[in-house]
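Report on one structure; see the data block that follows.
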Amino acid sequence: MKKFQFLLLDAGPIIKLFELGIWNDFIKRCDVTISRTVANQAKHASQEFEDIRIDLKPYEKQDLIRIVDVELSIVKTFYDKFDLLYEVIIHPGEKETLAFLCDSSESWQVCAADGAVFRVLGLLGKSGQGISLEEVLKEIGLSRKLEWKYSKRFREKWTHQGQIDSIQNQGQQ
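Put into structure tokens, the structure is as follows:
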């Protein structure tokens, strides 16, 4: 049984895992789900690197990962909750991933490297559903020294900011 059963990945951690050369080990230890938009973002972002090519389709075809298409109505309903402050910081892949998480009855965790994801989770009272790449790698025995945006402290900082926004009645319509 894999350590993380309901793990959603954003593009940043996917790119980092490929960059570190540990993607295959990672997906052996985690049940990974990715939104279609994030999968496309990771593929296009990898074109900026000479030595990193990310094509998630073979992994999906072999049932090693799951790529989900989230209905537009679910994404729109989710996104319409936010005021302009949040609308401008939530990117399309994050929007789709967070909409999927919020619409599901399962206890998903989302792993990201963008403060907006953790800030949204803090705002919505779902802080326990965010996790940093550093935390996941430590839990599954693949610890690495990572940049700030992949750290537990980064996640905590932005989750806390979202909680402050919630208390101050900011972020939602």
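The numbering used here numbers the first residue of the sequence shown as 13 and each following residue consecutively. Note that CB positions come from ideal geometry on N, CA and C, so glycine has one too. Note that the coordinates shown come from a computational prediction; the quantities given were computed from them, not determined experimentally.
Look up residue i in the DSSP assignment and give the residues it is bridged to.
i: Arg-156; result: In the DSSP output, where bridge partners are listed per residue, Arg-156 has none listed.
i: Ser-47; result: Val-80
i: Gln-1; result: Residue 1 lies beyond the range of the chain shown here (13 to 185); nothing can be said about it.
i: Leu-20; result: Thr-45 and Val-122
i: Gly-142; result: Val-122
Between the C-alpha atoms of residue i and residue j, what's the straight-line distance to the nearest angstrom?
i: Phe-256; j: Gln-185; result: The question about residue 256 has no answer here: the residues shown for the chain are numbered 13 through 185.
i: Leu-145; j: Cys-123; result: 6 Å
i: Lys-88; j: Cys-114; result: 12 Å
i: Phe-18; j: Gln-74; result: 18 Å
i: Glu-99; j: Tyr-91; result: 7 Å
i: His-56; j: Leu-32; result: 18 Å
i: Lys-164; j: Val-82; result: 28 Å
i: Phe-16; j: Trp-160; result: 22 Å
i: Thr-49; j: Ile-27; result: 14 Å
i: Arg-156; j: Arg-41; result: 16 Å
i: Pro-25; j: Ser-47; result: 13 Å
i: Asp-67; j: Gly-105; result: 16 Å
i: Glu-168; j: Lys-107; result: 20 Å
i: Thr-109; j: Ile-64; result: 23 Å
i: Ser-116; j: Val-80; result: 12 Å
Taking its Cβ as the centre, do 16 or more other Cβ atoms sit within 10 Å of residue i, making it buried, or is it exposed?
i: Gln-182; result: exposed
i: Arg-78; result: exposed
i: Gln-180; result: exposed
i: Leu-29; result: buried
i: Lys-69; result: exposed
i: Leu-149; result: buried
Which same chain residues, not among the five before or five after residue i, have their C-beta less than 7 Å away from its C-beta?
i: Asp-37; result: Leu-154
i: Glu-147; result: Lys-164
i: Glu-118; result: Phe-18
Can you list, in chain order, the residues of its chain whose CB lies under 8 Å from that of residue i, leaving out five sequence neighbours each side?
i: Trp-120; result: Phe-18, Leu-19, Leu-20, Thr-45, Phe-112, Leu-113 and Gln-141
i: Asp-171; result: The question names Asp, yet the displayed sequence has Thr at residue 171. Cβ neighbours of Thr-171 beyond the five flanking positions: Phe-130, Arg-131, Leu-133, Gly-134, Ser-139 and Gly-142.
i: Asp-126; result: Asp-22, Gly-24, His-103, Glu-106 and Lys-161
i: Tyr-71; result: Ile-39 and Ile-77
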